[in-house]
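For the record, the sequence lines run as chains A and B.
In this text, residue positions in the first sequence follow our numbering: the first is 1, and each later residue adds one.
In this text, residue positions in the second sequence follow our numbering: the first is 207, and each later residue adds one.
First the structure, in the form of structure tokens, and then the observations on it.
Number of protein chains: 2
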Amino acid sequence: MKAAVYLAHPRPGSFNHALADAVAAELGSRGVQVVTHDLYAEGFDPLLPADGTETVRAADRTESLRADDGPDDAWTARHRAELATLDALVFVHPNWWGMPPAVLTGWVQRVLAPGVAYKLDTADGEPVGLLRAGRALVLNTSDTPAEREEREFGDPLQRIWAACVLPYVGVTDVRRHVFRTVSDSTDGERTAWLGEARGLAAALVS
Amino acid sequence: MKAAVYLAHPRPGSFNHALADAVAAELGSRGVQVVTHDLYAEGFDPLLPADGTETVRAADRTESLRADDGPDDAWTARHRAELATLDALVFVHPNWWGMPPAVLTGWVQRVLAPGVAYKLDTADGEPVGLLRAGRALVLNTSDTPAEREEREFGDPLQRIWAACVLPYVGVTDVRRHVFRTVSDSTDGERTAWLGEARGLAAALVS
Numbered sequence: 001m002k003a004a005v006y007l008a009h010p011r012p013g014s015f016n017h018a019l020a021d022a023v024a025a026e027l028g029s030r031g032v033q034v035v036t037h038d039l040y041a042e043g044f045d046p047l048l049p050a051d052g053t054e055t056v057r058a059a060d061r062t063e064s065l066r067a068d069d070g071p072d073d074a075w076t077a078r079h080r081a082e083l084a085t086l087d088a089l090v091f092v093h094p095n096w097w098g099m100p101p102a103v104l105t106g107w108v109q110r111v112l113a114p115g116v117a118y119k120l121d122t123a124d125g126e127p128v129g130l131l132r133a134g135r136a137l138v139l140n141t142s143d144t145p146a147e148r149e150e151r152e153f154g155d156p157l158q159r160i161w162a163a164c165v166l167p168y169v170g171v172t173d174v175r176r177h178v179f180r181t182v183s184d185s186t187d188g189e190r191t192a193w194l195g196e197a198r199g200l201a202a203a204l205v206s
Numbered sequence: 207m208k209a210a211v212y213l214a215h216p217r218p219g220s221f222n223h224a225l226a227d228a229v230a231a232e233l234g235s236r237g238v239q240v241v242t243h244d245l246y247a248e249g250f251d252p253l254l255p256a257d258g259t260e261t262v263r264a265a266d267r268t269e270s271l272r273a274d275d276g277p278d279d280a281w282t283a284r285h286r287a288e289l290a291t292l293d294a295l296v297f298v299h300p301n302w303w304g305m306p307p308a309v310l311t312g313w314v315q316r317v318l319a320p321g322v323a324y325k326l327d328t329a330d331g332e333p334v335g336l337l338r339a340g341r342a343l344v345l346n347t348s349d350t351p352a353e354r355e356e357r358e359f360g361d362p363l364q365r366i367w368a369a370c371v372l373p374y375v376g377v378t379d380v381r382r383h384v385f386r387t388v389s390d391s392t393d394g395e396r397t398a399w400l401g402e403a404r405g406l407a408a409a410l411v412s
């Protein structure tokens, strides 16, 4: 089994980094082949180039996305090729304004291209997911209490990952956990959370 | 009155560009001072640097955002200074996986910094919005029919803009309209949509 951990936090030493390390260690200890992508450290350019938005259906008629990012984008090509070999995906990132950090938003928008991650070839427009990976784990950090997140903000990250993105590309088993509230957490809480993250990673590949 | 139009689409000639142009023209014709920011054309770097995520409350304890992006970021400083002078905001972008394009995600995460766009100084953590602008219009394009968007995807962009982002910074009057489905639209539909966008812009500043 092969899995990737995608980490989106700019600061080395962040708790997100610790979560990603814990997950990668747990997966490795279980015989899973793990690749970790620290998207900030890799220097990923999250901006889809203009020729990545031309139509797949009718020239100059759509505002949506397509596979052809142009030949200059070796990074995106490598990520797409690797993605096709994965059995499980893990995303680790903070909740910033109800969205992932822009570097991960860009990863989704550039790497999960039509023809690579899904195809639209049915009459009713229902997509067919193309990824081999059937399962994913999303680990988030937040400084907002759960009750307030649900009442006031509606937790858009849940819909983004579990409805918009992952099922669309064929990942039907989507698990998510939010560690909160991070800013006032104690060392003991953080240690416990890292253990919890390891447990979730273990369950993902069991 | 002063307003800004923030456009996030990589391709010149896109329908998003036409929407932004129509809105800017309408506002200008009504005596509003308009600035338009084509975020792709400006070459904005959407990635928050590592020192932008240190804590405002307890050192090395949070994964969230803060104002201090460092002195090298003249672009962000200019956007923040201008934002403080605006009475109305308009955002024009496609729905990509339930999120704005990464360039606009990054604009939110970098420009709307604590101490600039909001402050957290109350005991219960409720933010106080600092923006002068009290109203905003969000115009989106989509290739997903409205019924399917609501049923299958849950329209996270509505929550992102109308719950997570704009009220948090003091913008209480949030209006949003989605033009759909763009990929199979006719010239006549697009012309009508541009007129509709002008009407929404006019209403925003009336």
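All C-beta atoms, glycine included, are put in the ideal place defined by N, C-alpha and C.
- Here DSSP, grouped into helix, strand and coil, assigns Asp-155 (chain A) to coil.
- Assigned with DSSP and collapsed to three states, His-383 (chain B) falls in strand.
- Arg-159, Ile-160, Ala-163, Cys-164 and Val-165: these are the residues of the region 157-173 of chain A whose beta carbon lies less than 7 angstroms from some beta carbon of chain B, given in chain order.
- With a cutoff of 8 angstroms on beta-carbon distance, Val-238 (chain B) and Ala-210 (chain B) are scored as not near each other.
- A contact between stretches requires three or more CB pairs, one per stretch, nearer than 8 angstroms, and the region 393-409 of chain B meets this requirement with the region 224-237 of chain B.
- The Cβ-Cβ distance between Trp-107 (chain A) and Val-314 (chain B) does not fall below 8 angstroms.
- If you look at Asn-140 (chain A), you'll find it in the beta strand (DSSP E) that goes 135-142.
- Between His-9 (chain A) and His-93 (chain A), the gap from beta carbon to beta carbon is short of 8 angstroms.
- With respect to the 8 angstroms criterion, Ala-136 (chain A) and Ala-88 (chain A) are classified as neighbours on the basis of their beta carbons.
- The Cβ atoms of Val-317 (chain B) and Leu-289 (chain B) sit closer than 8 angstroms to each other.
- By the beta-carbon neighbour count (other beta carbons within 10 angstroms, threshold 16), Val-138 (chain A) is buried.
- Here the alpha carbon of Gly-188 (chain A) sits roughly 13 angstroms from the alpha carbon of Arg-180 (chain A).
- A residue is called buried once 16 or more other Cβ atoms fall within 10 Å of its Cβ, and Thr-76 (chain A) is buried on that count.
- Shown in chain order are the members of the region 20-47 of chain A whose Cβ falls below 8 angstroms from a Cβ of chain B: Tyr-40, Pro-46 and Leu-47.
- Looking only at B:Asn-222, B:Leu-254 and B:Leu-253, the smallest Cα-Cα distance to Asp-244 (chain B) is reached by B:Asn-222.
- No Cβ of chain A is located within less than 8 angstroms of the beta carbon of Glu-353 (chain B).
- About 7 angstroms separates the beta carbons of Glu-355 (chain B) and Ser-348 (chain B), which is inside the 8 angstroms limit, making them a contact pair.
- Sequence-ordered contacts of the region 71-92 of chain A with chain B are nonexistent [C-beta pairs closer than 8 angstroms].
- Assignment of Leu-104 (chain A) by DSSP, reduced to helix, strand and coil, places it in the helix class.
- Ranked by Cα distance from Pro-307 (chain B), the first of A:Leu-194, A:Leu-131, A:Val-90 and A:Pro-49 is A:Pro-49.
- The C-beta distance from Ala-224 (chain B) to Leu-400 (chain B) rounds to 6 angstroms, short enough to fall under 8 angstroms.
- Approximately 12 angstroms separates the beta-carbon atoms of Val-174 (chain A) and Gly-129 (chain A); this is outside 8 angstroms, ruling out the contact.
- Membership of His-243 (chain B) in the beta strand (DSSP E) is indicated by the continuous run 239-244.
- Distance from Ala-339 (chain B) to Leu-292 (chain B) at the Cβ level is roughly 5 angstroms; contact confirmed, criterion being Cβ atoms closer than 8 angstroms.
- Around the beta carbon of Ser-185 (chain A), a 10 Å sphere encloses 16 or more other beta carbons of the protein chains shown; the residue is thus reported as buried.
- In the three-state reduction of the DSSP assignment, Trp-96 (chain A) falls in the strand class, which pools E and B.
- Within the region 394-410 of chain B, no residue has its Cβ closer than 8 angstroms to any Cβ of chain A.
- Per the coordinates, the alpha-carbon of Pro-114 (chain A) lies some 38 angstroms from the alpha-carbon of Tyr-324 (chain B).
- Asp-155 (chain A) counts as buried, since no fewer than 16 other beta carbons sit within 10 angstroms of its beta carbon.
- The shortest C-alpha to C-alpha distance from Ile-160 (chain A) to any of A:Ser-183, A:Leu-47 and A:Thr-105 is the one to A:Thr-105.
- The three-state reading of DSSP puts Ala-4 (chain A) in strand, counting E and B together.
- Here Gly-129 (chain A) carries a strand assignment [DSSP, helix/strand/coil].
- Each residue's CA atom was taken as its position, placing Val-34 (chain A) and Tyr-6 (chain A) some 11 angstroms apart.
- In the assembly as shown, Ser-206 (chain A) is an exposed residue. Its beta-carbon has fewer than 16 other beta-carbons within 10 Å.
- Among the residues of chain B, those whose CB is under 7 angstroms from the CB of Glu-152 (chain A) are Ala-369, following chain order.
- Shown here, Leu-254 (chain B) sits in coil according to DSSP, grouped into three states, outside any helix or strand.
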